[in-house]
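Below is one structure; the comments refer to it alone.
There are 2 protein chains.
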Amino acid sequence: MSTPKKLILNATEMSTAGHIAFGLWRLADPRQPHYTELRYWTELGQQLERGGFDALFIADALGQLDSYTKSADPAIRTGSQTPLDDPLLVISAIAAVTTALGFGVTVSTTYEQPYLLARKFTTLDHLTGGRIGWNIVTSQLDSAARNLGHERQVPHDERYEIAADFVDAVYKLWEGSWDDDAVVRDPVSGVYADPTKVHAIGHSGKYYRVPSAALSEPSVQRTPVIYQAGSSPRGRAFAAANAEVVFVAGHSTSALRENVRKIKELAKSFGRAEEDIKFVASALVITDETDALAEAKLRKYKLAYSVEGALTHFSAITGIDWSEYDIDAPLSYIETDSNRSILASLTKDAPETEQWTLRRLLAPERGVSYSDSIVGSGTTVADQLELIAAESGVDGFNLSAAVQYESYQDLADYVIPVLRERGRLREHVPGQTLRASLFERTSPLLPSSHPGARYRGAFSGRPSSAPTLL
Amino acid sequence: MSTPKKLILNATEMSTAGHIAFGLWRLADPRQPHYTELRYWTELGQQLERGGFDALFIADALGQLDSYTKSADPAIRTGSQTPLDDPLLVISAIAAVTTALGFGVTVSTTYEQPYLLARKFTTLDHLTGGRIGWNIVTSQLDSAARNLGHERQVPHDERYEIAADFVDAVYKLWEGSWDDDAVVRDPVSGVYADPTKVHAIGHSGKYYRVPSAALSEPSVQRTPVIYQAGSSPRGRAFAAANAEVVFVAGHSTSALRENVRKIKELAKSFGRAEEDIKFVASALVITDETDALAEAKLRKYKLAYSVEGALTHFSAITGIDWSEYDIDAPLSYIETDSNRSILASLTKDAPETEQWTLRRLLAPERGVSYSDSIVGSGTTVADQLELIAAESGVDGFNLSAAVQYESYQDLADYVIPVLRERGRLREHVPGQTLRASLFERTSPLLPSSHPGARYRGAFSGRPSSAPTLL
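Chains as they are written, first to last, in this note's numbering: chain A, 50 to 519; chain B, 50 to 519.
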């Protein structure tokens with residue numbers, strides 16, 4: 050009998066009151082700390098590591114959700130991704146109290162300079178000992194654009210053009226600017242690093258010019274593990290070209306399978322090896338000792354579920370004020386200048402016989418988020434996760450909490466032991482890097498088929514600095 | 050007898066090989082972790098808290114030092130502020146292992162958006178429980194400008210104009226956008242925050258437009274403690290208007306006193322209360338059990354001191370390639386378009402009978418940095434620090450390490466006990482905020498004479514969001 054494929058299990062959070070199970074912050078244990086407290090994150094990290102999770106993933110956005118009713122009021126009232134803290138700043142604290150848990154953090158390429166983003170991730174790779182990953186997003190919120198010096202949102206496809214130039218610059222900084230043996234730290238000669246082994250990258254793209262070498266010395270992974278969640282055609286191409294872990298969407302296993310297939314095909318056309326890309330689907334799990342207890346828990350959760358919160362979020366990510374629409378009208382694909390991928394995937398992926406409406410999409414009957422929930426005992430949930438993985442080809446799951454802290458404890462208590470017994474979990478070794486763990490390899494570095502890898506040694510012979518502009 | 054004035058004691062670091070005592074990384078204990086390791090920072094934080102320091106201050110720059118010989122080679126070779134990691138990302142880890150230590154971090158206003166910087170500091174104020182301070186700089190390195198999308202450095206005075214607009218926007222976000230009682234977190238009604246108590250700030254300045262309310266809910270200090278180190282006329286005015294803690298420069302106590310006087314006078318003319326501003330001078334202390342042992346330590350340190358590293362740094366901050374100059378020629382003030390304040394203060398402050406040359410300025414005879422060192426036993430050093438404070442009117446010191454880790458231990462072992470016995474140290478209470486501790490008050494908030502305080506309640510009645518552009 051062959052060893053079953055290991056499943057990736059990420060816990061998905063956001064530094065906010067309510068991430069995706071809108072309104073369910075109402076059910077949080079009042080003895081537990083809030084997301085604004087350091088202890089919330091250090092205890093969560095320890096809980097996840099004990100529980101057997103591979104990584105903690107922290108999502109982000111750069112604006113309030115103010116599309117629904119054209120006001121931030123609903124988001125503020127329901128605590129739906131508003132207020133919101135910075136996800137990067139808490140990572141080192143969690144790293145300090147864990148030894149093997151990986152981290153994925155969302156950072157947008159739209160309001161950041163490659164030279165400084167490169168330093169941020171190298172710093173976090175240093176501090177975590179190679180446990181950091183970067184979820185590349187291009188920012189879709191108009192409210193972010195308005196507060197960050199843009200007249201309006203950059204058009205969707207151009208955001209991906211900017212992102213392509215951006216990642217090209219950071220790959221050069223991470224992979225090509227400091228040779229492996231550049232840092233010598235020799236107290237006798239007083240040489241900290243050998244300048245002949247540090248190279249100015251001379252990046253001059255359409256959007257970014259980065260003449261110099263990286264500001265930081267290289268970290269163990271050099272490039273952080275690259276995550277991406279593209280579901281629009283342009284986003285899918287970006288993911289196929291760059292992502293090592295793709296977050297795939299799809300409201301059925303066949304839709305998931307189709308998305309996995311498309312991205313794999315594209316990736317192959319870009320010269321990437323199939324085994325160098327993992328696919329991860331989202332799931333909200335509600336579990337307990339028995340199926341009946343899990344169903345009872347779902348019923349309790351539904352009482353706290355905020356449809357207003359869901360409408361607030363759905364309006365923000367689609368860029369449409371749904372308060373102006375009939376919630377019983379059939380949903381259809383609306384072409385706009387922004388990333389309307391969720392709406393598109395919903396209507397395109399749905400079996401032809403089903404007709405989606407807003408009411409149906411956001412109704413608590415479907416669960417406590419507008420992604421379908423998986424509800425049942427540990428065995429039931431493990432069966433379902435294995436089935437989805439087998440039928441769709443995904444390599445694992447982003448599990449989000451219905452109720453902060455409680456849901457991950459439930460997963461650790463009921464689901465993960467079953468998956469472990471079935472040989473589905475990775476063994477975590479203190480000090481391991483995220484990339485080596487995810488791909489079950491020994492090297493912490495990008496595989497040779499990744500576009501970043503072509504910059505290794507690419508700038509040899511170039512001087513350490515470029516004091517004048519390109 | 051009156052109680053003696055308490056002295057502020059900050060430890061000054063940078064996430065790099067060599068901050069200001071160039072080349073002395075060669076003497077670091079090889080058993081100690083490096084700055085790239087998390088353990089370096091958590092152990093340092095614990096050491097400082099045990100030792101009685103008020104705060105850890107982490108400096109930053111956004112480029113390599115590549116002015117000297119017009120190349121980054123000398124900086125890379127000597128490890129002089131190059132390579133360099135991000136200072137913000139390590140704060141939460143240190144906060145996790147300390148309870149009262151304050152933090153100050155340098156962040157430039159030149160390459161950042163106010164809306165996102167506000168969220169960063171609110172997040173850190175949340176995670177540290179009100180222990181964070183912000184050192185406002187405007188970035189002086191041409192190499193940073195080149196790598197961050199600017200054709201060249203923004204002119205010095207315009208950088209301060211931009212900074213003035215920037216801080217105005219963040220004060221509005223921090224002080225005026227969320228009322229004290231906005232966040233209710235009521236599980237029964239499902240109201241996380243009351244939208245009628247959250248207000249769009251509608252900031253529309255010359256450089257920045259920030260229409261919305263802050264993305265984060267308020268933290269205990271709201272505005273972080275504001276640090277600034279302006280010594281040019283424009284920088285001094287900015288400090289007088291905004292800083293709660295001013296880093297003053299001066300190569301004699303009379304020069305220090307004159308700078309303190311000037312800034313106090315300016316601050317008064319801006320309507321600020323004298324007791325709302327603290328002045329802190331820099332000092333590099335080399336100490337041991339006896340004066341003779343401290344002198345012996347200095348001699349050992351001098352062997353490792355890198356004049357090349359000092360020249361590298363001095364060239365970068367003056368924007369002048371000093372490899373082209375005669376190091377024995379008299380130094381005179383050179384007017385340029387950037388911040389040449391150190392050179393200016395050196396030549397202007399020096400007694401008329403003394404003639405400074407580059408050789409004299411950077412010679413190891415003066416110490417192991419081009420700031421004068423204070424060398425001696427704990428009693429000798431404490432006497433000197435008290436004398437400088439009495440004569441100049443400064444409220445405390447930024448103490449930088451000659452040798453990482455070792456120097457702070459020496460201070461904790463020899464100097465701090467003497468100062469404590471003399472009643473010169475603050476008592477630190479777990480959970481205290483940085484502002485309350487520094488000003489020996491109970492309120493963690495900005496005092497009413499600070500320009501940020503005028504935005505309290507200033508936007509009452511305004512809606513929670515501004516969905517359209519101003």
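The beta-carbon is built from N, C-alpha and C at its ideal position, and this holds for glycine as well. Since we're looking at a predicted model, the values are computed, not measured.
Cut-off 6 Å between Cβ atoms - residues of its own chain near residue i, not counting five sequence neighbours on either side
i	result
glutamine 270/B	Asp174, Gly179, Thr482, Arg484, Pro493
alanine 242/A	Ala231, Val232
valine 13/B	Chain B is shown from 50 up to 519; residue 13/B falls before or after that span and cannot be answered.
valine 522/A	Because chain A is modelled from 50 through 519, residue 522/A falls outside the range shown and cannot be assessed.
glycine 501/B	Tyr220, Glu224, Thr272, Leu495
arginine 283/B	Asp206, Tyr209
glycine 101/A	Ile465, Leu474
arginine 505/A	Glu224
glutamine 453/B	Ala77
tyrosine 160/B	Leu197
lysine 255/B	Asp214
serine 64/A	Tyr84, Asp134, Pro136
serine 497/B	none
Alpha carbon of residue i to alpha carbon of residue j, nearest angstrom
i	j	result
aspartate 370/A	serine 509/B	26 Å
arginine 503/B	threonine 339/A	58 Å
glutamate 98/B	glutamate 92/B	10 Å
glycine 480/B	leucine 150/A	28 Å
threonine 158/A	leucine 138/B	18 Å
lysine 54/A	glycine 445/A	10 Å
tyrosine 66/A	leucine 460/A	In the sequence under discussion, the amino acid at residue 66/A is alanine, which differs from the tyrosine named in the question. Approximately 21 Å between the Cα atoms of the pair.
proline 267/A	leucine 165/A	14 Å
glutamine 162/B	lysine 351/B	42 Å
arginine 75/A	alanine 353/A	7 Å
glycine 299/A	alanine 330/A	8 Å
glycine 358/A	proline 123/A	7 Å
leucine 56/A	alanine 343/A	23 Å
lysine 21/A	histidine 68/A	Since the displayed chain A opens at 50 and closes at 519, residue 21/A lies outside it and no answer follows.
isoleucine 125/B	histidine 362/B	12 Å
leucine 83/B	threonine 171/A	In the sequence as displayed, the identity of residue 83/B is histidine instead of leucine. Distance between the alpha carbons of histidine 83/B and threonine 171/A: 15 Å.
serine 280/B	valine 297/B	7 Å
alanine 263/A	alanine 110/A	27 Å
valine 424/A	leucine 347/A	7 Å
glycine 198/A	threonine 85/A	27 Å
glutamate 324/A	aspartate 217/A	22 Å
glutamate 62/A	lysine 169/B	18 Å
serine 513/A	tyrosine 89/B	28 Å
Amino acids of chain A, ordered along the chain, whose beta-carbon sits closer than 8 Å to that of residue i
i	result
glycine 198/B	Gln162, Tyr257, Arg258
lysine 169/B	Asp135, Leu138
Nonlocal neighbours in the same chain, by C-beta distance under 7 Å from residue i, ignoring five residues either side
i	result
leucine 176/B	Ser141, Ala144
leucine 315/B	Arg285, Ala286, Ala289
Chain B residues whose Cβ lies nearer than 9 Å to that of residue i
i	result
proline 512/A	Ser120, Ala121, Asp122
arginine 173/A	The question names arginine, but residue 173/A is leucine in the sequence shown. Near leucine 173/A (Cβ distances below 9 Å), the residues of chain B are Asp135, Leu138.
Under 9 Å by beta carbon: chain A residues contacting residue i
i	result
threonine 127/B	Gly239, Val240, Tyr241
proline 523/B	Because chain B in this structure spans residues 50 to 519, residue 523/B falls outside the shown range and cannot be described.
Contacts that residue i makes with chain B (C-beta to C-beta distance below 8 Å)
i	result
isoleucine 266/A	The question names isoleucine, but residue 266/A is glutamate in the sequence shown. Simply Thr85, Pro132.
alanine 142/A	Ser141, Ala142, Ala144, Ala145, Leu176
valine 247/A	Ala121, Ile125
Contact set between residue i and chain A, taken where Cβ atoms lie within less than 7 Å
i	result
threonine 91/B	Ala145
- Query: Would you call the region 234–251 of chain A and the region 273–290 of chain A in contact, with 3 or more CB pairs under 8 Å?
  - Reply: No, because fewer than three Cβ pairs between the region 234–251 of chain A and the region 273–290 of chain A fall closer than 8 Å, the two stretches do not touch.
- For the region 188–240 of chain A, which segments carrying the beta strand (DSSP E) assignment without a break, of at least 3 residues, lie completely within its bounds, in sequence order? 232–235
- Task: Write down every uninterrupted run of the alpha helix (DSSP H) in the region 141–178 of chain A whose length is 4 residues or greater and which is fully enclosed by it, in chain order.
- Result: 163–177
- Query: Taking three-plus beta-carbon pairs below 8 Å as touching, is the region 439–456 of chain A in contact with the region 295–315 of chain A?
  - Reply: yes
- Is there contact between the region 322–341 of chain A and the region 371–380 of chain A, where contact requires at least three CB pairs shorter than 8 Å? Too few Cβ pairs lie closer than 8 Å, so no.
- Message: As an exercise, report each continuous alpha helix (DSSP H) stretch of at least 4 residues that is fully enclosed by the region 238–294 of chain A, in chain order.
- Response: 282–291
- Task: List in chain order: all unbroken alpha helix (DSSP H) runs of 4+ residues lying wholly within the region 51–115 of chain B.
- Result: 87–100
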